[in-house]
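Chemist:
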Amino acid sequence: MMSRSRVFKLDKLIIRAHKTVNTNYNIWVQKNNQRSRNILKMLNITLRSIDKYEIPIIVIVRDFEMPTDSFSAYDRISDIIFINDNLDSYGKVEKMLNDDYFAARNFKGILIHELVHKRHWDAAKNLYNNSLGKYNNVEEAKMVIDASLVNYVKNQNCIDPSFLLNVSLDAYNGILFSNSINELVAEVEVDEAKILDKNLIKLIKEILSYGYNGKST
Numbered sequence: 216m217m218s219r220s221r222v223f224k225l226d227k228l229i230i231r232a233h234k235t236v237n238t239n240y241n242i243w244v245q246k247n248n249q250r251s252r253n254i255l256k257m258l259n260i261t262l263r264s265i266d267k268y269e270i271p272i273i274v275i276v277r278d279f280e281m282p283t284d285s286f287s288a289y290d291r292i293s294d295i296i297f298i299n300d301n302l303d304s305y306g307k308v309e310k311m312l313n314d315d316y317f318a319a320r321n322f323k324g325i326l327i328h329e330l331v332h333k334r335h336w337d338a339a340k341n342l343y344n345n346s347l348g349k350y351n352n353v354e355e356a357k358m359v360i361d362a363s364l365v366n367y368v369k370n371q372n373c374i375d376p377s378f379l380l381n382v383s384l385d386a387y388n389g390i391l392f393s394n395s396i397n398e399l400v401a402e403v404e405v406d407e408a409k410i411l412d413k414n415l416i417k418l419i420k421e422i423l424s425y426g427y428n429g430k431s432t
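So the sequence shown is numbered by the numbering used here: it starts at 216 and just counts up by one.
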C-alpha cells in the first residue's frame, strides 16, 4: 500500500506522508492505519464518479493535525487537497454533515467542494498566465474574474439579506467573516440543483470556465 515518503506543509504544520500504490490517483497517507485505509478505498471509488475536475495530489492527514473543525482543505500554493482521516466511512460523513452548515451531504460533496476551490484558483492562474503581464499576480487576476459575481452578491444582499443563507451557512460566513466569495462558488457547485437563482449559477460557471473555453478579459 505504501511507497516512498515526502514532506508536505499544511498551514504551519510539517507533515510526512507516504505515497500509496495500486491506485490511479496521486494519494499520500500520513499514518498507515485503518482510518486511512478506509478513506483510500472511499477516494478510489468516489473519484471515479467525478470527471468534471482535475484531481490534484491528495494527502490523508490525522484528525488532530488538521485545522480546527476542518473536514478537508485545499492549499492553493502547493495545489494539494488535505483530507481529515476522521472521514473514514460514508455513514459517519453524512452524520457530520446533517447540521446543514455545508451544501455537501456526503463524501463526494466534500471532495467536489475542494476540487471547485482548485478550479477557481486554476481559472485565475489561466488568466494571469495568458495576460502578458497585464496583472501583477494571480490574486489580482482572480479579483478580475470574480468582479461581476462580487457586485451581483452585494446587490442581491441589499435586496434580500437571506440571499447567501439560501445557499448555505458556509457561503454566508465566507462573505461575512472573510469578505470572500470562494466558499459561495464552491457551495453552489456542490448543490447546484437546489439553487433557484440562475443568474448566480451563470456567473459562477463563467468564473470557473476561464481558460477552459478560450474566454479572457
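We put the CB at the ideal spot given by N, CA and C, even for glycine.
Rank N352, L302, Q245 by C-alpha distance to the C-alpha of V274 and give the top, closest one.
Modeler: Per the Cα distances, Q245.
Chemist: Rounding to the nearest angstrom, what Cα-Cα distance links G306 and N351 in this structure?
Modeler: 46 Å
Chemist: CA-CA distance, S224 and I230?
Modeler: The displayed chain sequence assigns Lys, not Ser, to residue 224. Distance between the alpha carbons of K224 and I230 is about 6 Å.
Chemist: Please state whether DSSP places Y425 in a helix, a strand or coil.
Modeler: coil
Chemist: For my contact list, D385 and Y289 are in at a C-beta cut-off of 8 Å; report their separation, rounded to the angstrom.
Modeler: No, D385 and Y289 are not in contact; Cβ-Cβ is about 14 Å, not under 8 Å.
Chemist: Under a Cβ-count criterion, where at least 16 other Cβ atoms within 10 Å of its own Cβ denotes burial, should V400 be classed as buried or exposed?
Modeler: buried
Chemist: Per DSSP, which residues does N299 bridge with? Please list them.
Modeler: V276
Chemist: Within its chain, find whatever has a CB closer than 7 Å to the CB of L418; leave out the 5 residues flanking it on each side and keep chain order.
Modeler: S363, L364, Y367
Chemist: K234 lies in the beta strand (DSSP E); which residues open and close that run?
Modeler: Where K234 is concerned, the enclosing beta strand (DSSP E) stretches over 228-235.
Chemist: List the residues that DSSP assigns as beta-bridge partners of I242.
Modeler: I273
Chemist: Starting from the N-terminal side, write out each stretch of the alpha helix (DSSP H) that is 4 residues or longer and does not extend beyond the region 338-410.
Modeler: 353-374, 384-393, 397-405
Chemist: Tell me which same chain residues have a C-beta within less than 7 Å of the C-beta of F322, skipping the five on either side of it?
Modeler: M257, T261, L302, Y305, V308.
Chemist: What does the Cβ neighbour count give for F392, buried or exposed, with the cut at 16 atoms within 10 Å?
Modeler: Taking all protein chains in view, the Cβ of F392 is surrounded by fewer than 16 other Cβ atoms within 10 Å, so the residue is classified as exposed.
Chemist: Starting from Y305 and walking both ways along the alpha helix (DSSP H), at which residues does that stretch end?
Modeler: 305-311
Chemist: Apart from the five residues just before and just after S218, which ones in its own chain have a Cβ nearer than 8 Å to its Cβ?
Modeler: The residues are H233, K234, T235, V236.
Chemist: In three-state DSSP terms, what is K224?
Modeler: Strand at K224.
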